[in-house]
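Structure record follows, encoded as structure tokens.
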Amino acid sequence: MSKLDGNERWKSKMLLTEHKEQYEKRHESKQVGRPTADELDQIRDYLMYPHMLTMIQKSIQDLSFMQVSLKGVLARCMEYLMQRVTADYYALKKELRLKNIKVIEEEMNDGILYFRYFCRGYEEKFGVVRESLRSEIIIKMTEYTKEIGQQLKLK
């Protein structure tokens, strides 16, 4: 019999997800230092997703003012695209948080976006040229639209 058995406050034991993750990670070996190449790709994708969401939102707004015969179909496809990008963005955000990686947007000068990231005690500042970010976004959007096309073929 425990000292806490008679205490009503301790009857309901609540475990938060952060505490569970910390408990599970206590025996894992801690990685320190620079991010791996895969983590750098994840950081790049993390930077891309907000810009993709902005582009999709603007396209949806522009579509509402246009006179297009397939407006409903296009709007639904863009909404689906926005849902997929948002889901991937939040999954990536969670994964980076679990890996103890934090990214901060700092400034924009002459078409270059500057960011700072903190990765397990390592800190670095880097810049992304806006045009290269745009080409990466086009590649990523192409992947998403191919996925939509494949799903439409299956139905």
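Going by numbering that gives the first Met the number 0, 66 is the number at position 67 of the sequence shown; the sequence numbering is gapless. Think of the CB as a built atom: it goes at the ideal place given N, C-alpha and C, for glycine as much as any other residue. Predicted, not measured: the structure shown is a model, and the values here were computed from it.
Check whether residue i and residue j have beta carbons under 9 Å apart
i, j, result
"Leu-46", "Val-128", "no"
"Tyr-48", "Val-72", "no"
"Ile-136", "Met-51", "yes"
"Gln-60", "Glu-94", "no"
"Pro-38", "Cys-118", "Before going further, note that residue 38 is Glu rather than Pro in the sequence given. Yes, they are a contact pair."
"Leu-80", "Thr-141", "no"
"Tyr-113", "Lys-101", "no"
"Asp-44", "Leu-91", "yes"
"Glu-78", "Gly-110", "no"
"Gly-32", "Tyr-89", "no"
Exposure of residue i, with buried meaning 16 or more beta-carbon neighbours within 10 Å
i, result
"Pro-34", "buried"
"Tyr-116", "buried"
"Ile-138", "exposed"
"Ile-103", "exposed"
Residue i beta carbon near the ligand FMN (any heavy atom closer than 8 Å)
i, result
"Tyr-22", "You won't find the ligand FMN in this model; it holds no ligand whatsoever."
One or two residues paired with residue i in a DSSP bridge
i, result
"Ile-111", "Asn-108 and Val-128"
"Cys-118", "Ile-100 and Tyr-121"
*Minimum length 4: unbroken alpha helix (DSSP H) runs contained in the segment 7-91*: 16-24 and 36-64
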